[in-house]
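J.: Have a look at this one before I ask anything.
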Amino acid sequence: MSITFAERLSRWQADIEHALDRCLPASTSSPARLHEAMRYSVLGGGKRVRPALVYATAAALSLPQHTVTAAACAVEIIHAYSLIHDDLPAMDDDDLRRGRPTCHKAFDEATAVLAGDALQALAFELLTTDSDLPANPAIRLELVRLLTQASGTAGMAGGQALDLAAEGQPADLATITDIHARKTGALIRVSVLLAAACQPDLSREDHDALDLYARCVGLAFQIQDDLLDIEGDPLLLGKATGADQALQKLTYPSVVGVEAAHRKVAELHQQTLAAIAHFGSQADSLRDLANWLVLRQH
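For the sequence shown, counting from 1, position 230 maps to 333 in the numbering used here; every step adds exactly one.
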């Protein structure tokens, strides 16, 4: 009997929660406070968008889920580390994350910095040591390369640096598109590419189609996030709205306007679906994910 996308997503979220719980250090082991902060930040809820993309891509490529679970954990752990550091007073200075105190508020700033550092290291440890990932050394190296690139100056860290530099500066569409592609889009894209890298027989055509899908859905996801900061319900979002405007952040709506931003999301949504059309029903989960991510209200 077929299951609905909501049921499939719920299963994926439960599976990744269990896997993350297993790979994180126990809060009772030394240094206990650091481990507690790591677990607090990673296991504190969230939509688990990136692991879902790993799992959906694996399904589209007929890969068993357990063979990509470590990759799904690694990208989610990198995401969690980035949120810890983004929330720090030196960055976005946020007090709430997912309706709870941010890591530096629940613990302290030094512990938050260390928790982020330790999580980054753990992500790459998983890619090099997990026994269920493909054993081929070339695939392991490619997984590390992909996640490193997505996390560094060409990806998430570079996007955060550009975002901070753009605060209070004149609006520029090329700059905001670049920021979004790096800061948010890079981890969205690598979630798809990590699973793709685990399929050694993948054709160039299929790889490029998945890459285009990931790029489009990543940009649409962030533009929708920009829009929700303007139009969203703080209770649904689990955080205050209006932060981007208060910090004079460069966002897609601030550059092109709210209506044009909505049109861009719709355009990217269609491009996302078109990119994977040739996969047929095998990619239904990727289509459902795209619909969920770009139409979400929280």
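By construction, the Cβ of each residue, glycine as well, lies at the ideal position given by its N, Cα and C atoms.
This one's a predicted model, so the numbers in the text were calculated from it and none came from an experiment.
In this structure, how does DSSP classify Arg-203 when only helix, strand and coil are distinguished?
T.: Position 100 of the sequence shown, counted from the first residue, corresponds to residue 203. In the displayed model, Arg-203 falls within a strand according to three-state DSSP.
J.: Quick one, are the C-beta atoms of Pro-303 and Ile-242 less than 9 Å apart?
T.: Here residue 303 refers to the residue found at position 200 of the sequence shown. Here residue 242 refers to the residue found at position 139 of the sequence shown. Cβ distance < 9 Å, so Pro-303 and Ile-242 count as in contact.
J.: Buried or exposed: which applies to Thr-232, given that a residue is buried once 16 or more other Cβ atoms fall within 10 Å of its Cβ?
T.: Against the sequence shown, residue 232 aligns to sequence position 129. Exposed: under 16 other Cβ atoms inside 10 Å.
J.: Give the range of the alpha helix (DSSP H) segment to which Met-259 is assigned.
T.: Taking the first residue of the sequence shown as 1, we reach residue 259 at position 156. Start and end: 259-269.
J.: Of the residues Leu-398, Val-358, Gly-148, Ala-226, which one's Cα is nearest the Cα of Ala-277?
T.: In the sequence shown, residue 277 corresponds to position 174, counting from 1. Residue Val-358 is the option with its Cα nearest to Ala-277.
J.: For Ala-159, is the classification buried or exposed, using 16 other Cβ atoms within 10 angstroms of its Cβ as the cut-off for buried?
T.: Residue numbering aside, residue 159 sits at position 56 when the sequence shown is read from its first letter. By the neighbour-count rule (16 or more Cβ atoms within 10 Å), Ala-159 is buried.
J.: Along the alpha helix (DSSP H) that carries Ala-140, what are the first and last residues, could you check?
T.: As a first step, residue 140 must be located in the sequence shown, where it is residue number 37. Counting along the chain, the alpha helix (DSSP H) containing Ala-140 begins and ends at 135-145.
J.: Tell me whether Ile-149 sits in a helix, a strand or coil according to DSSP, three-state version.
T.: As a position in the sequence shown, residue 149 is number 46, starting the count at 1. In the sequence as displayed, the identity of residue 149 is Gly instead of Ile. Residue state, collapsed to three classes: coil.
J.: So, using beta-carbon positions, are Ile-181 and Ala-109 closer together than 9 Å?
T.: Locating residue 181 in the sequence shown gives position 78, counting from the first residue. Locating residue 109 in the sequence shown gives position 6, counting from the first residue. Going by C-beta atoms, Ile-181 is not nearer than 9 Å to Ala-109.
J.: In terms of alpha-carbon separation, which member of Trp-115, Ala-213, Glu-139, Gln-168 lies closest to Lys-150?
T.: Translated into the one-based positions of the sequence shown, residue 150 becomes position 47. Minimum Cα distance to Lys-150 is reached at Trp-115.
J.: Within this structure, are the beta carbons of Met-141 and Ala-238 separated by less than 9 Å?
T.: As a position in the sequence shown, residue 141 is number 38, starting the count at 1. As a position in the sequence shown, residue 238 is number 135, starting the count at 1. No, they are not a contact pair.
J.: Classify His-372 as buried or exposed, calling it buried when 16 or more other Cβ atoms lie within 10 Å of its own Cβ.
T.: Against the sequence shown, residue 372 aligns to sequence position 269. Buried.
J.: Between which two residues does the alpha helix (DSSP H) harbouring Leu-127 extend?
T.: Walking along the sequence shown from the start, residue 127 turns up at place 24. Per DSSP, Leu-127 belongs to no alpha helix (DSSP H) and is neither H nor E.
J.: What is the DSSP secondary structure of Gly-360, reduced to helix, strand or coil?
T.: Here the question's residue 360 lines up with position 257 in the sequence shown. Reduced to three states, the DSSP call for Gly-360 is coil.
J.: Whose CA, out of Ala-162, Ser-234, Val-320, Ser-132, lies closest to the CA of Arg-399?
T.: Here residue 399 is taken as the residue at index 296 of the sequence shown, counted from 1. Here the closest residue by C-alpha is Val-320.
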